[in-house]
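Here is the structure we will look at.
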Amino acid sequence: MPEIRTVTALKRKPAEIAASIKLHEKHLAQARSDLAHVAAAVRIFEASGRPADIARYVDTYRLFKRAEPWAICQAALATGPRTRANSR
Numbered sequence: 335m336p337e338i339r340t341v342t343a344l345k346r347k348p349a350e351i352a353a354s355i356k357l358h359e360k361h362l363a364q365a366r367s368d369l370a371h372v373a374a375a376v377r378i379f380e381a382s383g384r385p386a387d388i389a390r391y392v393d394t395y396r397l398f399k400r401a402e403p404w405a406i407c408q409a410a411l412a413t414g415p416r417t418r419a420n421s422r
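Heads up: the sequence shown runs through residues 335 to 422, numbered per my numbering.
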């Protein structure tokens with residue numbers, strides 16, 4: 335009968351290992367996120383203020399309210415084309 339218990343235990347083991355892997359992957363994802371945030375903070379504090387040192391991309395999602403860029407574009411298009419004479 336010990337063989338039956340061994341087989342039963344072996345059948346449960348994959349589920350335990352899968353659960354353990356899932357937990358470790360969750361912790362790994364959190365650690366990666368934490369690392370990215372720390373690296374971003376370091377870049378902020380080390381910034382020299384020169385435009386050449388600023389990242390080439392800018393996160394504009396937090397600069398505008400939801401759908402605000404679309405409204406700005408629509409308003410600009412509604413006024414018609416701009417020329418140098420009327421842009422001054």
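C-beta atoms are modelled at their ideal positions from N, C-alpha and C, and glycine is treated no differently.
- Within the same chain, no residue comes within 7 angstroms of residue 350 by CB-CB distance, once the 5 residues on both sides are set aside.
- Under the DSSP assignment, residue 413 falls outside any alpha helix (DSSP H); it carries neither an H nor an E label.
- Per DSSP, the unbroken alpha helix (DSSP H) holding residue 379 starts and ends at 336-380.
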